[in-house]
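Notes follow once the structure below has been shown.
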């Protein structure tokens, strides 16, 4: 059984965060004040706290010839759900850090992945495995 996680992270403001996570990504909005807001992030709890002084650009590491933000979070979606989100993000001209693509195509661990920033500059990765049982395959 998988347990949901909780993640707290800094943001620059409530309104752009509400529009991004609640509107664009379709996350249910939970409790909020003028200093923090909670989201149901694909079955997990995100707590976004207004703390602009803690926002810093993520450093990157080279992975498969791409610059992957070291500090990032996201979700593993079902294959069709990932493709639907990728299409939606392309339709609204999302500025991707790493455009949606398929890694390890035809190999063990084949996965779809994409990286982009939220309005506060937090890096997000969304991925999906063609065969979910291979999520931790070597």
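Numbering (our numbering), first residue to last: 1 to 138. Cβ atoms here follow ideal geometry from the backbone N, Cα and C, with glycine treated the same way.
- Task: Sort 53, 107, 57, 29 by Cα distance to residue 124 and report the nearest one.
- Result: 57
- Message: As a quick exercise: from 122, 137, 134, 133, pick the residue whose alpha carbon is nearest that of residue 7.
- Response: 122
- Would you mind sorting residue 222 into buried or exposed? The rule is 16 or more other CB atoms within 10 Å of its CB. With the chain represented from 1 up to 138, any question about residue 222 goes unanswered, as that position is not in the structure.
- Message: Just to confirm before moving on: does the CB-CB distance between residue 76 and residue 127 stay below 7 Å?
- Response: yes
- According to DSSP, what are the bridge partners of residue 127? 76, 113
- Task: Whole angstroms is fine: what's the gap from residue 110's alpha carbon to residue 23's?
- Result: Answer to the nearest angstrom: the Cα atoms are 30 Å apart.
- Query: Where residue 69 and residue 113 are concerned, what is the direct C-alpha to C-alpha distance, given to the nearest angstrom?
  - Reply: 13 Å
- Task: Just the C-alpha distance for residue 132 and residue 74, rounded to the nearest angstrom, thanks.
- Result: 16 Å
- As assigned by DSSP and simplified to three states, the class of residue 99: The three-state secondary structure of residue 99, taken from DSSP, is strand.
- Task: Provide the residue span of the beta strand (DSSP E) that contains residue 107, from first to last.
- Result: In the DSSP assignment, residue 107 falls outside any beta strand (DSSP E), carrying neither H nor E.
- Name the DSSP beta bridge partners of residue 61, please? 68
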